[in-house]
Amino acid sequence: MNRVLANTLTSPYPTTIQTSLESYALNVRYDPSGRFLAAGRQDGVAVIWDLDTKGQVRWLDGHVKMITSVDWSQNSRYVVTASKDWNVIIWDLASDTELPRRKATVRFDVPVVSASFHPKNSQILLVLTSFELWIVDLRSEYKGQYELAEVFDDSDEEGASQRARNGFATARFDPSGKHVFVGTTSGTLLVFNTRTKTMIARHRISGAGIIRGLVFHPSGRRLVTNSSDRVLRQFNLPVYAPPTADDEYIEQELEPTHRFHDPISKVAWHNMSYSPDGEWLAGGAADDAAHKIYIWDLAREGLLASTLDGGRELLTDVHWHPSKPSIASTTNLGSIFIWHCPTEERWGAFAGGFEEVDENIEYEEREDEFDIEDEAEIARRKMLEEEEDVDIDSMIEPATNGASNHVRPNGEDDEDTLWALDDPDDDVKGWKLKVISDDDDTMM
Numbered sequence: 001m002n003r004v005l006a007n008t009l010t011s012p013y014p015t016t017i018q019t020s021l022e023s024y025a026l027n028v029r030y031d032p033s034g035r036f037l038a039a040g041r042q043d044g045v046a047v048i049w050d051l052d053t054k055g056q057v058r059w060l061d062g063h064v065k066m067i068t069s070v071d072w073s074q075n076s077r078y079v080v081t082a083s084k085d086w087n088v089i090i091w092d093l094a095s096d097t098e099l100p101r102r103k104a105t106v107r108f109d110v111p112v113v114s115a116s117f118h119p120k121n122s123q124i125l126l127v128l129t130s131f132e133l134w135i136v137d138l139r140s141e142y143k144g145q146y147e148l149a150e151v152f153d154d155s156d157e158e159g160a161s162q163r164a165r166n167g168f169a170t171a172r173f174d175p176s177g178k179h180v181f182v183g184t185t186s187g188t189l190l191v192f193n194t195r196t197k198t199m200i201a202r203h204r205i206s207g208a209g210i211i212r213g214l215v216f217h218p219s220g221r222r223l224v225t226n227s228s229d230r231v232l233r234q235f236n237l238p239v240y241a242p243p244t245a246d247d248e249y250i251e252q253e254l255e256p257t258h259r260f261h262d263p264i265s266k267v268a269w270h271n272m273s274y275s276p277d278g279e280w281l282a283g284g285a286a287d288d289a290a291h292k293i294y295i296w297d298l299a300r301e302g303l304l305a306s307t308l309d310g311g312r313e314l315l316t317d318v319h320w321h322p323s324k325p326s327i328a329s330t331t332n333l334g335s336i337f338i339w340h341c342p343t344e345e346r347w348g349a350f351a352g353g354f355e356e357v358d359e360n361i362e363y364e365e366r367e368d369e370f371d372i373e374d375e376a377e378i379a380r381r382k383m384l385e386e387e388e389d390v391d392i393d394s395m396i397e398p399a400t401n402g403a404s405n406h407v408r409p410n411g412e413d414d415e416d417t418l419w420a421l422d423d424p425d426d427d428v429k430g431w432k433l434k435v436i437s438d439d440d441d442t443m444m
């Protein structure tokens with residue numbers, strides 16, 4: 001209710017910089033609660049910022065080369081960092097030590113481009129290296145590293161030539177975690193089933209070139225791609241059937257519902273991010289002269305609503321807050337800009353009977369307005385209210401039949417979701433972040 005009221009009083013997208021954090025950051029991500037910010041740095045350190053205090057609360061110092069990506073688990077207890085030093089590290093922010101405990105370290109033979117958590121289980125990772133794509137499963141029953149490989153038809157020359165030139169450029173779990181979407185260097189979008197690790201679809205995107213980035217709509221039914229032709233494309237995704245026994249896959253060309261680009265400057269894009277309600281899209285421009293963020297209104301056919309100018313420090317990354325009109329962007333000098341929408345005070349919102357006036361008026365006092373009520377009368381009235389009977393017979397009781405105990409909300413009873421929830425992690429709500437400082441230790 002409060003969030004709905006706030007949205008009616010503010011702009012749906014940020015308009016100006018609220019604060020700047022000096023962090024030497026290359027990339028940045030809000031945690032799912034929106035209170036903390038993880039920033040990956042050039043020197044191999046990741047910093048956790050508390051946005052309430054604008055202070056650094058944890059340092060994740062474990063890499064020796066630049067951090068290429070950071071990601072949060074669903075309840076913010078774990079952070080995963082990927083680096084060019086060939087390592088992926090999972091950090092436990094609930095640990096008591098000054099340097100957070102490493103829950104796991106996974107080493108590869110080449111630099112790591114990105115690493116992200118499965119949306120429902122932080123023990124499952126999606127890791128993209130310079131040449132390969134892996135699903136890393138840390139659960140005892142499924143433990144292992146599973147490579148995802150594109151399927152080709154070698155019966156014709158086209159399939160053989162595609163195998164030679166195709167490479168993976170970006171990869172993401174969809175919001176359900178059931179599928180992995182991969183953008184390739186040949187302009188195709190591949191879809192894999194997370195549980196079986198088999199390819200279930202290949203979509204050709206005409207004119208896209210290299211697909212450098214993927215971002216999902218909060219509903220999971222839409223997808224935006226960032227391509228080397230300097231165009232952002234939004235697609236409506238089809239419904240994918242479960243994998244078949246003979247590993248058949250869909251061959252289909254996707255047509256974008258919207259195309260976003262700057263027709264004047266022909267600027268490329270570093271990253272993009274949806275608003276929490278999915279009605280707005282922010283694109284971080286790879287402008288070589290200014291720090292620019294483009295905001296498009298998806299409810300109005302993708303109309304450009306605003307262009308945010310952050311000055312001369314060039315943009316490197318952008319991420320929208322998970323619950324309010326705020327954006328975090330990083331610069332080539334390592335600063336983190338927090339964008340917000342300033343609002344003037346509306347005093348009428350603090351009291352229902354309050355009325356704003358343009359000039360002073362003479363106030364007429366009611367006869368009984370400031371009369372002091374008898375305390376005995378107040379106590380008697382409270383006693384009568386406490387003695388009133390409460391109707392508990394008409395309260396709605398939850399279903400108690402046996403079948404309902406096994407049905408999960410939002411269709412989470414299918415095989416793919418149950419596989420991900422098998423052997424769940426300990427990333428549960430209610431954990432406390434212990435902030436280590438020189439003076440004392442505090443729990444947040």
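First residue of the sequence shown: 1, per full-length UniProt numbering; consecutive thereafter. Glycine included, C-beta positions come from ideal geometry on N, C-alpha and C.
| Asked | Found |
| --- | --- |
| Sequence-distant residues of its chain with Cβ nearer than 6 Å to I124 (five each side left out) | H118, D137 |
| Completely contained beta strand (DSSP E) runs for the stretch 173-223, where each covers 3 or more residues | 179-184, 188-193, 199-204, 211-216 |
| S122 beta carbon less than 9 Å from that of I90 | yes |
| Three-state secondary structure assigned by DSSP to W431 | coil |
| When Q42, E377, R35 are compared against residue 445, the one with the closest alpha-carbon | The chain is shown only over 1 to 444; residue 445 falls outside these bounds and no answer can be derived. |
| C-beta atoms of T198 and D416 nearer than 9 Å | no |
| Start and end residues, alpha helix (DSSP H) containing I378 | 375-386 |
| Within the stretch 321-346, ranges of the beta strand (DSSP E) (whole runs, at least 3 residues) | 327-331, 335-340 |
| Every unbroken beta strand (DSSP E) within the stretch 247-323, with a cutoff of 3 residues, ordered by chain | 250-253, 258-260, 269-274, 280-285, 292-297, 303-309, 315-320 |
| Of the residues E279, E251, D287, the one placed nearest D262, counting alpha carbons only | D287 |
| 6 Å CB neighbourhood of D425 in its chain, flanking five on each side removed | N121, S122, Q123 |
| Residue range of the unbroken alpha helix (DSSP H) whose run includes D416 | 415-421 |
| Cβ pair P175, P218 closer than 9 Å | yes |
| Counted within 10 angstroms of its Cβ, other Cβ atoms place G284 as buried (16 or more) or exposed | buried |
| Option in M383, L308, W431 with minimal Cα separation from Q18 | L308 |
| Of the residues T244, G40, I327, R230, the one placed nearest residue 503, counting alpha carbons only | Since the first and last residues shown for the chain are 1 and 444, residue 503 lies out of range. |
| 6 Å CB neighbourhood of F192 in its chain, flanking five on each side removed | L148, V180, M199 |
| Three-state secondary structure assigned by DSSP to S404 | For S404, the predicted structure reports a pLDDT of 37, less than 50, and the residue's modelled location is therefore unreliable. The matter cannot be settled from this model. |
| Residue span of the beta strand (DSSP E) that contains A149, given as start and end | Here A149 belongs to no beta strand (DSSP E), and DSSP marks it neither H nor E. |
| Separation of R107 from G44, as counted between CA atoms | 15 Å |
| Selection from H321, L60, T196, A208 that minimises the alpha carbon distance to A245 | T196 |
| Proximity below 9 Å, CB of D427 to CB of S20 | no |
| Spatial neighbours of E141 in its chain, beta-carbon cut-off 8 Å, leaving aside the 5 residues before and after | D422, D423 |
| Own chain, CB closer than 7 Å to residue 451, minus 5 neighbours either side, in chain order | For the chain, the structure presents residues 1 to 444; residue 451 sits outside this window and is missing. |
| Euclidean distance between Cα positions of K292 and A420 | 39 Å |
| Straight-line Cα distance separating D247 from E253 | 20 Å |
| Spatially closest choice to A268 from L304, G213, A39, by CA coordinates | G213 |
| Cα-Cα separation, Y13 to Y294 | 11 Å |
| Reduced DSSP secondary structure (H/G/I, E/B, other) of F131 | coil |
| Run of the beta strand (DSSP E) containing Q74, from where it starts to where it stops | Taken as a continuous stretch (DSSP letters only), Q74 belongs to no beta strand (DSSP E), as it is neither H nor E. |
| Residue nearest to S306 in terms of C-alpha spacing, selected from S335, P276, I336, C341 | C341 |
| Assumed close pair A38, D31 - CB separation to whole angstroms, cut-off 8 Å | 7 Å |
| Neighbourhood of S73 by C-beta distance below 6 Å, restricted to the same chain and skipping five residues each side | F117, S122, D427 |
| Helix, strand or coil at F108 [DSSP, three-state] | coil |
| Paired residues, beta bridge with E369 - DSSP | According to DSSP, E369 bridges with nothing at all. |
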